[in-house]
Amino acid sequence: MNLDPTHDPRLTSWIGSANDPGCDFPIQNLPFGIFRRRGTPEAPRAAVAIGDQVLELGAAGALAGFSGEAAKAADAGRAAKLNALAALGREYWHPLRLALSRALAANAPADVREALEGCLVPLKEAELLLPVEIPDYTDFYTSLHHATNIGRLFRPDNPLMPNFKWIPIGYHGRASSVVVSGSEIVRPRGQTRAPDAAHPAFGPCKRLDYEVELGFVCGPGNPLGTPVRIANALERVFGVVLLNDWSARDIQAWEYQPLGPFLAKSFATTLSPWVVTLDALEPYRVHSLRRPPDDPAPLPYLSDSDDRDEGGFSIEVEMYLRTAGMRDIAMPPVRLSHANYRDTYWTLAQLVTHHTSNGCNLRTGDLLGSGTISGAAADSAGAMIELTQNGKHSIKLPGGETRTFIEDGDELVQRGRCSRDGFATIGFGEAAGLVLPSLK
Ligand code: MN
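Mapped onto the numbering used here, the consecutive letters of the sequence shown carry residue numbers 5 to 444.
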């Protein structure tokens, strides 16, 4: 762990709401996003979330007298996306984090505090936009529990494909349909074939699902033809967001062989608006998943002692459901899934290294999905297809309704947080999406 004064759990902010227990954005977090004042035609620009406020990054850096790398990094926040900041690399991100932490701390000089008070906008008045321009999106498949649960549905005798423990499996996702939290999701239409039908038909998806994932935003890219070694892989990652990989299971089942998911996934992917930096996640690093003795060791290019010792991240992820019926009677959302990212089989560094191992160039802003995060427990499955055994069992909801898959009017809300004894608890905000009926 590379800890510094920004991780000190005793640190408090002069913004009182940041010190509330349970707050997602205490001074130890400092995630970046893109905002404008709701209902205005203002130019989007970068902000830092702190308590129940957002701090405009470019203006704050200038008014608080940031210097050197911190000043340049804050100035990159005047752009309409975070790509310029993400491209700078850790030698800029880290001084910026130190400067922001000092300026927002309870003991900041009075003139700094006065200057920054004019750069604050209440979070509830901020329209949060997609934080990065995403050139490319790759989704992985890193949870052994998810892969086994899914495999068991279709191949009961041989659930796990022989490649899973050797190679991080991924597919090329669709970047154009990645949307920010709050964007409505229109139920996709597509070609499906019922098990007893002679021919496929075209119509609204009947098995709409979510996948609880994390998204990793790439920082400085690597040149084409130049693989990223595992020891340097995390230098290429700017930060982490929540990711819901909406999935049309009936479309997927008919289309996925032999080339993998296509229209079953490309209609929408929801991200949370705040990018939590790897610097902020340092206290929550843990050893990578301990492989059982009979499992193969990773091949040398995917093997690294530091990655084994602290290549994992302890991040709790959850998915909540609130149906239209639950909203009508003001019933709170019900949690369907909860798991921890530390339980995935492949580490983030292994994903970056494997992705670039053939010389493929990652570009600033590229999005890597973790794959569905499922744990060993039955209620830690990260998708409805697992929770309901592909629709065989229904989930009973507290209001008396049941679900096997997502219905129109359902709202799915993903949350995430990191906690560890002796450290602050930080949160990811939320990635929410309301499902609308398909278009005629
Ligand atoms: Mn996925």
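Built from N, CA and C at the ideal position, the CB exists for glycine as well. The model shown is predicted, which means the values in this text are computed figures rather than measured ones.
query: Going by the beta-carbon positions, is the gap between T281 and F242 smaller than 9 Å?
result: Taking a C-beta distance under 9 Å as the contact criterion, T281 and F242 qualify as a contact pair.
Under a Cβ-count criterion, where at least 16 other Cβ atoms within 10 Å of its own Cβ denotes burial, should Y305 be classed as buried or exposed?
exposed
Alpha helix (DSSP H) containing R331: first to last residue? A328 to D332
Does the count of Cβ pairs from the segment 367 to 375 and the segment 132 to 145 closer than 8 Å reach three?
Yes, the segment 367 to 375 touches the segment 132 to 145.
(message) Considering only DSSP beta bridges, list what Y324 is partnered with.
(response) Y324 is bridged to R339 and V417.
Euclidean distance between Cα positions of S307 and P402: 46 Å
Item to complete: List the residues that DSSP assigns as beta-bridge partners of D143.
Response: As computed with DSSP, D143 is found in a beta bridge with Y175 and G373.
Exercise for the section: Identify which residue in P199, S71 and I189 has its Cα closest to the Cα of L275. Expected result: I189
_Is G155 a contact residue of the ligand MN, with contact defined as CB to any heavy atom under 8 Å?_
Checking the Cβ of G155 against the ligand MN gives no.
Selection from W258, L104 and G62 that minimises the alpha carbon distance to A84: G62
(Q) Quick check on this structure: which residue in D347, E411, M165 and H358 has the alpha carbon closest to the alpha carbon of G329? (A) E411
Got a sec, what are the start and stop residues for the beta strand (DSSP E) V241 sits in?
-> V241 to N248
Could you give the first and the last residue of the continuous beta strand (DSSP E) run that contains P166? P166 -> no beta strand (DSSP E), and no H or E assigned at all.
Q | Start and end residues, beta strand (DSSP E) containing R40 | A | F36 to R41
Any idea which residues DSSP pairs L438 with across the strands? Its beta-bridge partners are E415.
Is H291 buried or exposed, if buried means 16 or more other CB atoms sit within 10 Å of its CB? exposed
**Prompt:** Straight-line CA distance for P9 to P35?
**Reply:** 17 Å
Close-in-space but distant-in-sequence residues of the same chain around A109 (CB under 8 Å, 5 per side omitted)
For A109, where only same-chain residues beyond five positions count, the Cβ hits under 8 Å are L15, T16, S17, W18 and I31.
Chain-order list of residues whose beta-carbon lies under 7 Å from that of G379 (same chain, five-residue window excluded): H149, A343, N344 and D347
Output yes or no for whether 9 Å exceeds the beta carbon distance between S384 and S341.
The answer is yes: Cβ separation under 9 Å.
Using a Cβ-based criterion (distance less than 8 Å to any ligand heavy atom), does G373 qualify as near the ligand MN?
yes
(message) Does S71 come out as helix, strand or coil in the three-state DSSP assignment?
(response) coil
Confirm, please, whether the CB-CB distance from A387 to Y214 is below 9 Å.
yes
Quiz prompt | Endpoints, the alpha helix (DSSP H) within which R197 is located | solution = That residue, R197, is in no alpha helix (DSSP H); it is neither H nor E in DSSP.
Margin query: Give me the residue from Q57, R82, S147 and R101 with the minimum Cα distance to V125.
Written below: Minimum Cα-Cα distance from V125 among the listed residues Q57, R82, S147 and R101 corresponds to Q57.
(request) With R49 as the anchor, note down where its beta strand (DSSP E) starts and where it stops. (result) R49 to I54
Cβ neighbour criterion (16 or more within 10 Å) applied to G55 | buried
E215 beta carbon near the ligand MN (any heavy atom closer than 8 Å): yes
Let's test the definition: count the other Cβ atoms within 10 Å of the Cβ of I333 and tell me whether it reaches 16, buried, or not, exposed.
Note on I333: under 16 other CB atoms within 10 angstroms of its CB, so exposed under the neighbour-count rule.
For V280, which residues does DSSP report across the bridge?
V244
Assigned secondary structure, F266 (DSSP; H/G/I helix, E/B strand, else coil): coil
CA-to-CA distance, R191 to S270, given in whole angstroms: 12 Å
With distances taken from CA atoms, which of S181, L355 and A268 is nearest I173?
-> For I173, the closest of S181, L355 and A268 by C-alpha to C-alpha distance is L355.
Checklist entry - Sorted by chain position, which residues of the same chain lie with C-beta nearer than 6 Å to L1's C-beta, five sequence neighbours on each side aside? => result In this structure the chain extends from 5 to 444, so residue 1 is not present and cannot be described.
For K396 versus T406, is the C-beta spacing smaller than 9 Å? No.
Checklist entry - So is G177 buried or exposed if we call it buried at 16+ other beta carbons inside 10 Å? => result buried
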